[in-house]
Amino acid sequence: GIELFDRFVENQTKSISGNRELHFERWNLTSISDEVHSNLLSPALLPEGISDLLRYAATHFKQCQVGSDSWIQFMLPNWDNLISQVLDSREQDYRKISILSMSAVIMGKSRGHSNGSDVGYIELVEKLMLRMWDYASHLDDKSVKALVSQAWVELYLSELERFYQKYGSYLRQAHAVSMISRASGLDAINAGFNAYWHLARIGLFTYAIENLTEDSDDGREYLSSKYSEFADIVERMIYNEPGSLRPLIDAHQAQVFLIWRLLAKSGRIGVLCDFLNLLVDRLLARRINKVGIPFIDGHNSYKIVAEAAGTKEMQGVGDQSSFFCLALMEYCIPIQEFGSSIIEKIYRQLVLGIDGYGEQYTETKPLDLICWAPKEGWELSMLKGKSANSVGISLEYLHDSEDEIHGERIVSKLRDYKDEYLLKYPIPTKLDIPSSVMILACLTNDHALPPYLWRGYIYDQKF
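For the sequence shown, this note's numbering gives the first residue as -18, with consecutive numbering after it.
Printed below as a string of structure tokens:
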């Protein structure tokens, strides 16, 4: 084809009317795609009715400040309505997925230049992905599921990769998402929220690409490079961004696992140990109410946390029980000797609320360690944003006497509990929804990860 093109050009005149030069340019697929993206992508490409909804949504997106009242009350409901209109239409199933994918591409092109527009686009795509996976899960059509899988990679994972290639250098800077001030009040809560939003997406991206990458030299090289690239961002955030050491709700257990996994995969065990140690120290200051920031909220409510930080009244915070602390101890088990010491520190200081002399910290009471297990249908409920279909489990203390409050004994108790748990709630052998999609559903719904997504993996590791 190139030879034919070159031969054609050689035989053409090089001017028009004798004095105007004529140039020939060979387009490749990339340049053609760029031209289409720049000049042809518009809501008019979509079916009548849907195009009007998309045109309105795209115009609003360009003008709307992400996170504002207008964004929450109008932009998100309008986007959700557009998705529903397409999925409820009489179009064939594969056409519905294609229409929604094209809608997302057009929305991406329509994003404005306001602060946070890229974050807003990710939020819109995440909502779309969960709706599409939910829709496909009810169909016995492999071609539709293949289209949804393609959209998951090309729309969502590619957007995350592009986003952190664009903003990764900013996140490596000191106080990238926080105010350079004393860590108290709403600024501190905002920093924790923003930091854990980024840590969630960084961790999810590196989790998701592992199962999608071919087992080849090129595939392994790509994985290694991405682990290194994204672990660099996380490492700098741990040391430079106070918000990365400020989990706010019990469900932030998910982000800590994703950080744990990325640092372990990239071989940064020293950084992982620093992260866990620093995290426990910061949490202790909150546990004994020394910094005006509430301890991790078991209700998974940012509103409760923000109100407590603003008013300095901690009574409304759900800090009587903790799944976060149980998971945090389990994350330390693979790290051998260091793990035992940090587990004892977590159990003694955060769970029991006692100091190194066995004395109870002022105004603290021991936490109840809790776990949970999903019931049948939990995955589909979570895709819809519902947190039902699960059972709560209360653990007894991991010690019977003061002499048993030491790392190795607690590790043994945790292993025994894990074995008992798996006997009653075994890890599913088959998942209809990819695990990375379920992680996204948990992240967007502020829900802790089900133990089957991480417990088996954690206990199989040894550093």
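Beta carbons are placed, not taken as given, at the ideal position from N, Cα and C, and that holds for glycine.
In this structure, E311 and R436 form a Cβ contact; the two beta carbons are roughly 7 Å apart against a cut-off of 8 Å. In the three-state scheme derived from DSSP, where H, G and I count as helix and E and B as strand, I183 is classed as helix. Between the beta-carbon of I190 and that of L180 there is about 16 Å, and that puts the pair past the 8 Å contact cut.
Our two residues, G30 and L257, have alpha carbons roughly 52 Å apart in a direct line. Of the other Cβ atoms in all chains shown, fewer than 16 fall within 10 Å of the Cβ of N20; this residue is therefore exposed.
Around the C-beta of W8, fewer than 16 other C-beta atoms lie within 10 Å, and the residue is accordingly described as exposed. Contact between L253 and A245 holds, since their C-beta atoms are separated by about 6 Å, short of 8 Å. Shortest Cα-Cα distance from G373 to any of R249, M218, P431 involves P431. Under the criterion of beta carbons closer than 8 Å, D397 and S303 do not qualify as touching, at roughly 20 Å. With a minimum length of 3 residues, the unbroken runs of beta strand (DSSP E) contained wholly in the region 333 to 402 fall at 349 to 355, 371 to 375. Going by beta carbons, L57 and V67 fall outside the 9 Å limit.
Taking a C-beta distance under 9 Å as the contact criterion, A176 and S139 do not qualify as a contact pair.
Relative to the Cα of K147, the nearest Cα in the group V129, G97, L239, Y402 belongs to G97. The C-beta of S91 has 16 or more other C-beta atoms within 10 Å across all chains shown, which makes the residue buried. Residue range 436 to 440 is occupied by the alpha helix (DSSP H) that includes Y440. In terms of Cβ geometry, R217 and G173 do not form a close pair [threshold 9 Å]. Counting along the chain, K271 sits inside no alpha helix (DSSP H), nor does DSSP assign it H or E at all.
Straight-line measurement puts the Cα of Q131 at about 10 Å from the Cα of V125. In the DSSP assignment, N0 falls outside any alpha helix (DSSP H) and carries neither an H nor an E. When rounded, the separation of the alpha-carbon atoms in V17 and S321 is 58 Å. Distance between S79 and L376, taken at the CA atoms: about 48 Å. Here I316 carries a helix assignment [DSSP, helix/strand/coil]. Bridge pairing for S14: absent [DSSP].
When secondary structure is reduced to three states using DSSP, S302 falls in the strand class.
Note on the region 183 to 223: whole alpha helix (DSSP H) runs with a minimum of 4 residues are 198 to 221, in chain order.
Around the beta carbon of N192, fewer than 16 other beta carbons sit within 10 angstroms, so the residue counts as exposed. Membership of V86 in the alpha helix (DSSP H) is indicated by the continuous run 74 to 91.
It is roughly 17 Å from the alpha-carbon of D115 to the alpha-carbon of P355. One thing to note: V106 has its Cβ no nearer than 9 Å to the Cβ of G93. Annotation for Y188: L239, R242, S417, I420 place their beta carbon closer than 7 Å to its own, counting only its chain and skipping 5 residues before and after.
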